[in-house]
Amino acid sequence: MSRPSVWATKVAGLIQGGNSEAALAQIKVAPTVKDLKDLRALLISLKLLARHPNVDDATNDMITALSSPRLHRSP
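Here my numbering is used: the first residue of the sequence shown is 552, the next is one more, and so on.
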């Protein structure tokens, strides 16, 4: 089993501290899908995801965005 990323624990700390706006900004620039999934697992274990539906929506949206193929053309 892999370790949760440091990024996920830091963003979870922002949410626990009540700074969900900063957490949302970090979620929008998340490094990888794995980091977002680690964050979701951590928030579920801490029972924070149910209390912050905007964070739930943002993580789902970013997982979808990072998972989909890129639709740009190279020059």
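From the three backbone atoms N, C-alpha and C, an ideal C-beta is built for every residue, glycine too.
C-beta neighbour in chain B for residue i, strict 9 Å
| i | result |
| --- | --- |
| Asp586 | The chain inventory of the structure shown lacks chain B, comprising one protein chain alone. |
Length of the line joining the Cα atoms of residue i and residue j
| i | j | result |
| --- | --- | --- |
| Ile566 | Asp589 | 15 Å |
| Val580 | Asp612 | 12 Å |
| Lys585 | Asn605 | 20 Å |
| Ala559 | Gly568 | 14 Å |
| Ser618 | Pro582 | 12 Å |
Close-in-space but distant-in-sequence residues of the same chain around residue i (CB under 6 Å, 5 per side omitted)
| i | result |
| --- | --- |
| Leu599 | Ile566 |
First through last residue of the alpha helix (DSSP H) which encompasses residue i
| i | result |
| --- | --- |
| Leu593 | 584-596 |
| Ala563 | 557-567 |
Distance between beta carbons of residue j and residue i, contact taken as under 8 Å
| i | j | result |
| --- | --- | --- |
| Ile578 | Val562 | 7 Å |
| Arg591 | Thr610 | 5 Å |
Own chain residues within Cβ distance below 8 Å of residue i, not counting five before or after
| i | result |
| --- | --- |
| Ser571 | Leu565, His603, Asn605, Val606 |
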